[in-house]
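**Q** Residue numbers for the sequence shown follow our numbering, so the first one is 32 and each next one is one higher.
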Amino acid sequence: MSAFQVNQHGYYGQFGGAFIPEMLYPNVEELRERYLDIISEPSFQAEFWQLLRDYVGRPTPLYFAKRLSEQYGTKVYLKREDLCHTGAHKVNNTLGQILLAKRLGKQKIIAETGAGQHGVATATVCALMGMECIVYMGSVDIERQQPNVQRMRMLGAEVRPATSGSQTLKDATNEAMRHWINHPEDTHYIIGSVVGPHPYPDMVGRFQSVISQEIKSQLMEKEGRELPDAVLACVGGGSNAMGAFYHFLDHPEVKLMAAEAAGLGVNSGKSAATTALGKPGILHGSRTILMQTPDGQVVEPHSISAGLDYPGIGPVHAHLFDSGRATFFYVTDDEAMEAGFMVSKVEGIIPAIETAHAFSILDKVKFGPEEIVVINLSGRGDKDLNTYMKYQQEHGVI
């Protein structure tokens, strides 16, 4: 068995598990007992892949970024998850989970969202399947991600603000879990990342693994080999990174590189660089690495990108960091914004600010001229235009 896949107890090395209130035990246990059987059913697989193809628009292109490659003296390919329906990778998972929820007999869906992309993807599949949808979102994120809030409402979802704590992703997750505790029978909680109690990290990773599955076949077609030299992705909770890493975990010759949000600087007190600042603890139902005070209180994270504004990482990424299988880089707000403007001008693609963090790794690592570097372009930047423009005005970026 792979050292990087979940074991029978729901752990990745020392991280994972299900640390949940008693009220949630029946829900999580039902999921744990049934999810593998359900998602391996031929009827599930047929419906999932048909919708990925005809509704989501998969496979997404693996694009050779010629000008970026020339600029950095290496071969840069972009996995174009920004071209998925809804504008990000999130829909791969929401589609899988709503098909699972239907087979579990659930009638209502709840979700949490930071940048709003997971909320939009959840509202989208709920509209597709005719299911009631409530999305929890921090009040701060509602302000900075207005286009996505409007999209969710247009799709028929109710957006409920989380007004506690930093009023961002962590707090939205807390509110969603409270809701689920109070409505266990008829409601399924679609978690948007590889976080939460087992089996969520494994389940989300499996649904997102379509990304690396496609990278392998597309690289074979373009380069005559399945394995790149490096895969780069941003990590908040870590679903897009897990999708991009999944089929390369057991190939040590493929370097896995993750970009975390350093905010105003790793040691500035305004950061979300979990692996640099955190230590093991329990967050949102699993043992992972999280930023916490000496007495175990969660430290409020900061990032200019709403999707990376999270005080922990998924337990699988904690294990990849702890084992040394993946290398983690810390990218400041300024570095990410500069990378976002650069990619826009060099390749004609405006990346989500989350994704821009991954591009910044190109400035931190020197790759050889024959090395193949795949960057998971996890989302498009439409939702971030206000933040980009505000930054441009304040910093004089041209």
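Cβ atoms here follow ideal geometry from the backbone N, Cα and C, with glycine treated the same way.
Whole angstroms is fine: what's the gap from residue 299's alpha carbon to residue 234's?
**A** Cα to Cα, the separation comes out at about 35 Å.
**Q** Beta carbon of residue 389, beta carbon of residue 265: below 7 Å?
**A** yes
**Q** Does DSSP put residue 190 in a helix, in a strand, or in coil?
**A** strand
**Q** Measuring alpha carbon to alpha carbon, tell me which residue in 92, 91, 41 and 208 is nearest residue 67.
**A** 41
**Q** Please name the residue, chosen from 159, 163, 36 and 201, that lies closest to residue 170 on a Cα-to-Cα basis.
**A** 201
**Q** Figure out for me which residue from 344, 114 and 239 has the closest Cα to the Cα of residue 413.
**A** Closest by alpha carbon: 114.
**Q** Give me the residue from 366, 365 and 387 with the minimum Cα distance to residue 374.
**A** Comparing C-alpha distances from residue 374 to each of 366, 365 and 387 shows the shortest one belongs to 387.
**Q** According to DSSP, which residues form a beta bridge with residue 291?
**A** Its beta-bridge partners are 361.
**Q** If you draw a straight line from the alpha carbon of residue 365 to that of residue 406, how long is it in whole angstroms?
**A** 20 Å
**Q** Where do the ends of the alpha helix (DSSP H) carrying residue 27 lie?
**A** Outside the shown range of the chain, which is 32 to 429, sits residue 27, and nothing can be said about it.
**Q** Let me know the alpha helix (DSSP H) ranges lying completely inside the stretch 289–332, each 4 residues or longer, listed in chain order.
**A** 305–308
**Q** Ordered along the chain, which non-local residues of its own chain (more than five positions away) have a Cβ less than 6 Å from that of residue 51?
**A** Setting aside the 5 residues that flank it on each side, residue 51 is surrounded in the same chain by 59, 228 and 316, each with a C-beta closer than 6 Å to its C-beta; the list follows chain order.
**Q** What does the alpha-carbon distance come out to for the pair residue 333 and residue 73?
**A** Residue 333 and residue 73: Cα-Cα distance of roughly 43 Å.
**Q** Please list, in chain order, all residues of the same chain as residue 285 whose beta carbon is under 8 Å from its beta carbon, the five residues on each side excluded.
**A** 258, 259, 260, 261, 262 and 279
**Q** Assuming residue 148 and residue 121 make a contact with CB atoms under 8 Å, what is their CB distance in whole Å?
**A** 5 Å
**Q** At which residues does the alpha helix (DSSP H) containing residue 116 begin and terminate?
**A** Unbroken run through residue 116: none, as it is neither H nor E.
**Q** With a threshold of 16 other CB atoms inside 10 Å of the CB of residue 271, please say whether the residue is buried or exposed.
**A** The residue is buried, with at least 16 neighbouring Cβ atoms inside 10 Å.
**Q** Around the C-beta of residue 89, are 16 or more other C-beta atoms found within 10 angstroms, so that it is buried, or is it exposed?
**A** By the neighbour-count definition (other C-beta atoms within 10 Å, threshold 16), residue 89 is a buried residue.
**Q** Can we say the stretch 76–84 touches the stretch 115–134, given the rule of at least three CB pairs closer than 8 Å?
**A** yes
**Q** Only counting runs of 4 or more residues, tell me where the alpha helix (DSSP H) segments fall wholly within the stretch 367–398, in order along the chain.
**A** 384–390
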